[in-house]
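Below: the structure, in structure tokens.
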Amino acid sequence: MTRFAPSRRHVLAMAAAGAALARVPAAFATGSAPRHGFSPLGPVKYGAADPFGYVNTEAPRGGALHLTRVGAFDTIDTLTYPGRPPADLRLIYDHLIVESEDEIASYYGLLAEDIEVAPDYSSVVFTLRPEARWHDGAPVRPQDVVFTFETLKAQGAPYYRQAFRPLTVVADGPRVVFTNERTGDRDVVRRISTIPIHPEHVWANGKPEMPVGSGPYRLESIEAPQRIVLSRVPDYWGADLAVNRGRWNFDRLAFTFFRDPTVALEAFKAGQSDVRSEDDPTRWALGYDGPALASESVVREETPTPGVGELAGLVMNLRRPLFADRRVRLALALAYDFQDVNRLLFHGANAPLDSVFAGTPLEAAGPAGDERDLIAGRIPEAALEDPDPFAGLPRPGTREALAEAARLLGEAGLDVTDGARVDPATGRPLRFSVLSMNPAFGKSIAWFGNALGRLGIALQEVRVDPATAAKMMLDKDFDLATLTWSPARLPGTAERLLWHSALAEAPHSYALSGLASPVLDDCIEALERASSPAELDRAGRAFDRVFRHILPMVPLWRSATIRTAWWDHFGRPEAERAGFPPSPIDRWWSLG
Numbered sequence: 000m001t002r003f004a005p006s007r008r009h010v011l012a013m014a015a016a017g018a019a020l021a022r023v024p025a026a027f028a029t030g031s032a033p034r035h036g037f038s039p040l041g042p043v044k045y046g047a048a049d050p051f052g053y054v055n056t057e058a059p060r061g062g063a064l065h066l067t068r069v070g071a072f073d074t075i076d077t078l079t080y081p082g083r084p085p086a087d088l089r090l091i092y093d094h095l096i097v098e099s100e101d102e103i104a105s106y107y108g109l110l111a112e113d114i115e116v117a118p119d120y121s122s123v124v125f126t127l128r129p130e131a132r133w134h135d136g137a138p139v140r141p142q143d144v145v146f147t148f149e150t151l152k153a154q155g156a157p158y159y160r161q162a163f164r165p166l167t168v169v170a171d172g173p174r175v176v177f178t179n180e181r182t183g184d185r186d187v188v189r190r191i192s193t194i195p196i197h198p199e200h201v202w203a204n205g206k207p208e209m210p211v212g213s214g215p216y217r218l219e220s221i222e223a224p225q226r227i228v229l230s231r232v233p234d235y236w237g238a239d240l241a242v243n244r245g246r247w248n249f250d251r252l253a254f255t256f257f258r259d260p261t262v263a264l265e266a267f268k269a270g271q272s273d274v275r276s277e278d279d280p281t282r283w284a285l286g287y288d289g290p291a292l293a294s295e296s297v298v299r300e301e302t303p304t305p306g307v308g309e310l311a312g313l314v315m316n317l318r319r320p321l322f323a324d325r326r327v328r329l330a331l332a333l334a335y336d337f338q339d340v341n342r343l344l345f346h347g348a349n350a351p352l353d354s355v356f357a358g359t360p361l362e363a364a365g366p367a368g369d370e371r372d373l374i375a376g377r378i379p380e381a382a383l384e385d386p387d388p389f390a391g392l393p394r395p396g397t398r399e400a401l402a403e404a405a406r407l408l409g410e411a412g413l414d415v416t417d418g419a420r421v422d423p424a425t426g427r428p429l430r431f432s433v434l435s436m437n438p439a440f441g442k443s444i445a446w447f448g449n450a451l452g453r454l455g456i457a458l459q460e461v462r463v464d465p466a467t468a469a470k471m472m473l474d475k476d477f478d479l480a481t482l483t484w485s486p487a488r489l490p491g492t493a494e495r496l497l498w499h500s501a502l503a504e505a506p507h508s509y510a511l512s513g514l515a516s517p518v519l520d521d522c523i524e525a526l527e528r529a530s531s532p533a534e535l536d537r538a539g540r541a542f543d544r545v546f547r548h549i550l551p552m553v554p555l556w557r558s559a560t561i562r563t564a565w566w567d568h569f570g571r572p573e574a575e576r577a578g579f580p581p582s583p584i585d586r587w588w589s590l591g
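Using numbering that gives the first Met the number 0, the first residue of the sequence shown is number 0, and each one after it goes up by one.
What follows is the structure in structure tokens.
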């Protein structure tokens, strides 16, 4: 599975509660005066000395938090790619700025004491705090920022190589100056915020045996590929900063890795881990049984996902001639029965993926409004009247929909011989492969395969180790591939990385589909340039309408719920008791 919300948000930082995309502030004011925080949407909410409102600044410190992770790791190198470092190891590193989670797009200084952003986003300048220190006592220098950025851009994960392509950086005394080739690129500050700053002096002679950070935790022990333990730094230089008050309360964080999510769940039920985030609605409905639940020792809670949530689909490789034909893509989408799959296999937990920006002002609905000027004459009139690609067609997955899918496939030249649909290019029975790295897709893929079988098409799920699957994804060695995509509260970057034609043929890009659509490119660029709420809404509706018409992926589901279970011996902020998305690692505390 490929995800696009890469700040780690994997340790995923949760965004603001409620409809975060509902309506941005009235003015998109930017300027070049240095300030403690920055938002492309106008004034920030918090002053320089104000802690975040969703934490408990009086939270006690101490105790330990034990968590499980599914997978394994094989390196502590968090700078270069390939390799699988434990994502939680990045907690030992500070960032230049951090994002507030109860604003749409506001950033406050951490390593940086102030931020200076050019009105056209052609430059972003940070002045570092003189008191910032690495765990070995050395000062954090602008040269460390330059070293980290240049290493990630040249040798880091594909996300960094692509997202940082327009940027260069230099040290200027106590300042760090980023220059951006793509003017008007409003999201550049968020991308910079994802950089975990590494110490140049520790990496000068190659990968260190023991990493050194500047953050609230240091690495205590590591047992690859199964366990990592972090301990809180007692003299952490940034402990009293406003952005850190009430956070990082546990003395120790222990992470145990399991290769099977069911085994990880059993470890939680046995008390071997404290908190569990559940991404499988079937496990959530059926797997949390036993004496602990009966005695209410374990708490389970569902929290609405802010904004759109996570979209899941099967992206089609349009570099394959068959998928370049929209009739084939529409036929495949008609074969998938969301309603039955959701009811029978997922206990009704998911929402339909019927819009990229569902439930927000960026969602296209009915006849095109002010977005028409962006896209009129470039997509069919029917799509301008109704963005639903299935408008006027039978409900996907029904017998009638399969009949329409068969008609479309025949119209595209894919005839049936001896019960099998035939590939006209090879004369052989048609067979598609699905590349997946996430077992959560297994049930949907099996159901989809049965439906395609009724159309005379064989579907095979490709199961390989994660490293091989990731390479196949980036090499575009697949027919269809699983994709999860979480549109940001202020969209633009993920949409460019996934769907812009400039990256369609770039080596190792995230543009999995290879889509090359000038009209969708223009919509993406309109999202990036939007300088008012009205412009953002208009660009979003245009993108949504065009994307849904193109159908570059089979829409499977939209997940709009966060499911959390925990042993009831932790405190958490009042904001979370009122529905704010939970973040145990940085906001909870031990009750002893």
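Glycine included, C-beta positions come from ideal geometry on N, C-alpha and C.
Three-state class that DSSP yields for residue i in the structure shown
i           : result
residue 91  : helix
residue 531 : coil
residue 45  : coil
residue 463 : coil
residue 297 : strand
residue 565 : strand
residue 275 : strand
residue 189 : helix
residue 593 : Lying outside 0 to 591, the shown extent of the chain, residue 593 is not represented and no answer is given.
residue 180 : coil
residue 373 : helix
residue 257 : strand
residue 473 : helix
residue 112 : strand
residue 394 : coil
residue 127 : strand
residue 322 : coil
residue 174 : strand
residue 29  : Residue placement at residue 29 is flagged as unreliable, the pLDDT there being 42, under the threshold of 50; the coordinate-derived value follows with that caveat. In the structure shown, residue 29 sits in coil (DSSP, three-state: anything other than H, G, I, E or B).
residue 488 : coil
residue 339 : helix
Limits of the unbroken alpha helix (DSSP H) element including residue i
i           : result
residue 196 : Segment: none, residue 196 is in no alpha helix (DSSP H) and carries neither H nor E.
residue 216 : Premise fails: residue 216 lies in the beta strand (DSSP E), 216-222, not in any alpha helix (DSSP H).
residue 594 : Since the first and last residues shown for the chain are 0 and 591, residue 594 lies out of range.
residue 159 : 157-162
residue 262 : 260-268
residue 409 : 398-410
residue 283 : 280-285
residue 511 : Neither: residue 511 is in no alpha helix (DSSP H) and is coded neither H nor E.
Spatial neighbours of residue i in its chain, beta-carbon cut-off 8 Å, leaving aside the 5 residues before and after
i           : result
residue 567 : 295, 296, 297 and 298
residue 22  : Reliability of the predicted coordinates at residue 22 is poor, the pLDDT of 31 falling under 50, and no value is obtained from them.
Option nearest residue i by Cα separation, candidates the options
i           : options               : result
residue 126 : 497, 94 and 156       : 94
residue 312 : 331, 87, 199 and 407  : 331
residue 69  : 81, 107, 248 and 278  : 278
residue 130 : 116, 110 and 143      : 110
residue 513 : 135, 323 and 181      : 323
residue 305 : 41, 495, 489 and 588  : 489
residue 240 : 589, 557, 50 and 496  : 50
residue 81  : 157, 574 and 573      : 157
residue 394 : 358, 375, 434 and 339 : 339
residue 232 : 412, 215, 220 and 321 : 215
residue 223 : 190, 84, 135 and 133  : 84
residue 440 : 571, 516 and 280      : 280
residue 478 : 317, 152, 360 and 576 : 317
Residues that residue i bridges to, as DSSP identifies them
i           : result
residue 481 : 313
residue 552 : 314
residue 345 : Paired residues: none, contrary to the question.
residue 430 : 457
residue 588 : 570
residue 96  : 108
residue 229 : 218 and 252
residue 350 : 557
residue 58  : According to DSSP, which records beta bridges pairwise, residue 58 is partnered with nothing at all.
6 Å CB neighbourhood of residue i in its chain, flanking five on each side removed
i           : result
residue 547 : 386 and 388
residue 447 : 335
residue 491 : 186, 526 and 527
residue 237 : 243
residue 461 : 432 and 434
residue 60  : 248
Residue range of the beta strand (DSSP E) that includes residue i
i           : result
residue 166 : 166-171
residue 63  : 63-69
Own chain, CB closer than 7 Å to residue i, minus 5 neighbours either side, in chain order
i           : result
residue 454 : 334, 401, 404, 405, 408 and 420
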